Amino acid sequence: MEYIVPDRKRLPYGMMNFKDIRLDNYYYVDKTSYIPLIEQANRFFFFIRPRRFGKSLTLSMLQHYYDVRTRDIFDDLYGDLYIGKHPTQDRNSYLVLYLNFSGIEGGLHNYRQGLDAHCQICFDYFCDVYADLLPQGIKEILDTKDGAVNQFDYLYHECERAHQKIYLFIDEYDHFTNAILSDAESLHRYTEETHKEGYLRAFFNKVKAGTYSSIKRCFITGVSPVTMDDLTSGFNIGTNYSLSPEFNEMMGFTESEVREMLAYYSTNSPFRHTIDELIEIMKPWYDNYCFAQECYGETTMYNSNMVLYFVYNYIRNGKVPRNMIESNIRIDYEKLRMLIRKDKEFAHDASIIQTLVSQGYITGELKDGFPAVSIAQPDNFVSLLYYFGMLTISGVHKGKTKLTIPNQVVQEQLYTYLLNTYNEADLSFSSYEKDELASKLAYDGKWKSYFDYIADCLHRYASQRDKQKGEFFVHGFTLAMTAQNRFYRPISEADTQEGYADIFLCPMLEIYPDMEHSYIIELKYAKYKDPDSRIEELRLEAIAQADRYADTEKVKSAVGSTQLHKVVVVYKGMEMRVCEEIGLN
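If you're matching positions, the sequence shown starts at 1081 in our numbering and goes up one per residue.
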């Protein structure tokens, strides 16, 4: 067993409690410099980020900073951090009320009971921990009030009477978004709860009323702007800072923060790679998030949870993790299927995803919020994909925001979604057969059977629907299938910016060092009505492009010791007419 340095900081992988991280010698990436910026912003602060991006830890960090109860341990928590050296006047001056809607059990059919139960627990805890600062008997009287709305009304009035100010934190305020978009009945029930005299709207009306009383600040987070827009007229004082450039780096890690973390652990852990080599491995999987148009071309953000997952496993096992995607991330992204299949309206939504996969980008206008009933509108749907972390800002195209798939983790989820959708259309894939073909592709150079299998699946699926799918469909389907191959990282034309190869199957040698084969796939498409002579034109064009791309430094450095195969594939309609290898390297 390797000797472990006794005082080496532990990695806070999966942790959300700031106090535990700071007092128990865990590594912490300092984000406290954003506290003064938050204070200078509007008092009622909305912030949306994808799952697993550090929202809950940020809330915990803010809670402990403002809580009157942590005044005595301020130096222990913040002393060596930015805010410890530059404290603000508001530190340790609030009673903190924290609600986490993800803790609410049940669905919309019993939403009121779930909200009441959760708030009852949180309100009672609040009364207990601040008992010496609140009127005597407040908890007993509160417990006689019926429901969260009435209890909240009583609580903030009593705090005002005691001359105390509240900082309200609500985590995952949009917890029910998944349920409300899954079927028409839930959507109808949700509309009732957020409009007119619905209970959820009534609760946020009380939050709004409380801001005229003892609630001096709010910080509310979630993963989508759907619920917020529906609640706007009930709570129309909040400001959404999700797209603001000054907060682009507040959650997630910058590359410099990742490098600093790796530099720290390289001094006390067995590293088999340089920091540059590890960054090169991690970057295509976890990096490339941009959350503000003005920040495009500057700093990009890594998914913080995925970085911690990678570093934790690298230190623990002394090598790159075989699975670059954390299993919990897969579960999170599975929820997206329910969101984008509202009322099982596949055709419209899939066209956006298929265009994204095939073209490499889509354009739209990012919305601050939109009602659930209009989720299917293209700009709203694109915005939802963005807020869920499935898209990132990549500049401007023809006057609209250009959005692309940020990295390999997200790409795999989207491709999996597409293939699952095809499966639901009675196109079944054999996992065993696919894995066998993938292994033979990587280790035996058996490429023909692999692409025959893809062509057969594509033809079977296309025969069930109209055949007006075209080049985007063929390219997207092929890319989705190759993305399931665990031995390679598929790089499509849009990723390379070279305009040459359609798909470069980049070998994952850091995980499978004994792989023997890598591939450039030049994919061409002729329409049904094109003459057969067009196939030969495309074949010759593909050969020239594949040769040119194989000569680039990017490919030469990536293939390592593997044998590079250049494969030309030409489809006419949904039928593969050419599948051949050109000049061996």
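Ideal Cβ positions, reconstructed from N, Cα and C, are used throughout, including at glycine. As the structure is a computational prediction, the values presented were derived from the model and not from experiment.
Inset, instruction - Determine the closest residue to PHE1098 out of ALA1121, GLN1143, GLU1360 and ARG1090, with distance taken between C-alpha atoms. - result: GLN1143
Inset, instruction - Count the C-beta pairs between the segment 1625-1644 and the segment 1586-1605 that are closer than 8 Å, then say yes if the count reaches three, no if not. - result: yes
Inset, instruction - Name, in chain order, the residues that DSSP records as bridge partners for ILE1666. - result: Limits of the chain in this structure are 1081 at one end and 1665 at the other, which puts residue 1666 out of reach.
Inset, instruction - Please determine if the segment 1104-1120 and the segment 1221-1237 are in contact, where contact requires at least 3 C-beta pairs separated by less than 8 Å. - result: no
Legend entry - N-terminal and C-terminal residue of the beta strand (DSSP E) that GLU1660 is part of: 1655-1662
Legend entry - Same chain, Cβ closer than 7 Å to VAL1658, neighbours up to 5 away in sequence not counted: ILE1615, ARG1619, VAL1648, VAL1649 and VAL1650
Legend entry - Within 8 Å, strictly: CB atoms of ALA1669 and PRO1215: It is not possible to answer for residue 1669, since the shown part of the chain is limited to 1081 through 1665.
Inset, instruction - Would you mind reading off the limits of the alpha helix (DSSP H) that contains ILE1361? - result: 1355-1366
Legend entry - Residue interval of the beta strand (DSSP E) (run including SER1474): 1472-1477
Inset, instruction - Drop a sphere of 10 angstroms on the beta-carbon of GLY1094, count the other beta-carbons inside from all chains shown, and report buried for 16 or more, exposed for fewer. - result: exposed
Inset, instruction - Throw me the rounded Cβ distance for the PHE1299 and ASN1328 pair, which I believe falls under 8 Å. - result: 17 Å between Cβ atoms; not a contact.
Legend entry - Per-residue burial, ARG1090 [other beta carbons within 10 Å of its own, 16 or more giving buried]: exposed
Legend entry - Beta-bridge pairing of GLU1602 - partner residues as DSSP gives them: Answer by DSSP bridge pairing, in chain order: VAL1648.
Legend entry - Identity of the residues DSSP links to ASN1408 by a beta bridge: Per DSSP, none; premise fails for ASN1408.
Legend entry - DSSP state of PHE1468 mapped onto helix, strand, coil: In the structure shown, PHE1468 adopts coil according to DSSP, grouped into three states.
Inset, instruction - Could you name each continuous beta strand (DSSP E) segment of 3 residues or more that falls completely within the segment 1093-1131, going from the start of the chain to the end? - result: 1124-1128
Inset, instruction - Can you grab the Cα-Cα spacing for the pair ILE1355 / SER1346, in whole Å? - result: 8 Å
Legend entry - N-terminal and C-terminal residue of the beta strand (DSSP E) that SER1346 is part of: Unbroken run through SER1346 is the alpha helix (DSSP H), 1335-1346; no beta strand (DSSP E).
Inset, instruction - Measure the CB-CB distance between MET1470 and LEU1446 and report whether it falls below 8 Å. - result: no
Legend entry - Reduced DSSP category for HIS1166 - H, G, I as helix; E, B as strand; rest coil: coil
Inset, instruction - Give the DSSP-derived three-state secondary structure of GLY1194 in the structure shown. - result: helix
Legend entry - Secondary structure of GLY1290, DSSP reduced to three states: DSSP, read as helix, strand or coil, puts GLY1290 in helix.
Inset, instruction - Could you pull out every unbroken alpha helix (DSSP H) segment of at least 4 residues lying fully inside the segment 1583-1646, listed in chain order? - result: 1613-1630 and 1633-1639
Inset, instruction - Quick one: measure Cβ to Cβ for ILE1405 and VAL1489, integer angstroms, because I've assumed they're closer than 8 Å. - result: 5 Å
Legend entry - Span of the beta strand (DSSP E) around LEU1483: 1480-1484
Inset, instruction - Look at the alpha carbon of ARG1402 and the alpha carbon of ARG1569, and state the distance between them as a whole number of angstroms. - result: 13 Å
Legend entry - Exposure of LEU1521, with buried meaning 16 or more beta-carbon neighbours within 10 Å: Answer is buried; the Cβ neighbour count reaches 16.
Legend entry - DSSP state of GLY1227 mapped onto helix, strand, coil: GLY1227 falls in the helix class under three-state DSSP.
Inset, instruction - Sort SER1511, LEU1388, VAL1476 and PHE1461 by Cα distance to LEU1305 and report the nearest one. - result: A quick correction: the sequence has Pro, not Leu, at residue 1305. Nearest of SER1511, LEU1388, VAL1476 and PHE1461 to PRO1305, Cα basis: PHE1461.
Legend entry - Burial state of ASP1254, where buried means 16 or more other Cβ atoms lie within 10 Å: buried
Inset, instruction - Given a cut-off of 8 Å, decide if ASN1383 and TYR1394 are closer than it, judged by their beta-carbon atoms. - result: no
Inset, instruction - Using the Cα positions of ILE1623 and PRO1611, report the straight-line distance between them to the nearest angstrom. - result: The alpha-carbon of ILE1623 is positioned some 20 Å away from that of PRO1611.
Inset, instruction - Kindly indicate the opening and closing residues of the beta strand (DSSP E) around ARG1569. - result: 1568-1572
Legend entry - Whether ILE1583 touches LEU1559 by CB criterion (8 Å): yes
Inset, instruction - Go to GLY1377, then tell me how far its beta strand (DSSP E) extends in each direction, as first and last residue. - result: Per DSSP, GLY1377 belongs to no beta strand (DSSP E) and is neither H nor E.
Legend entry - Where the alpha helix (DSSP H) through ILE1442 begins and ends: Segment 1442-1444 is the beta strand (DSSP E) holding ILE1442; no alpha helix (DSSP H) there.
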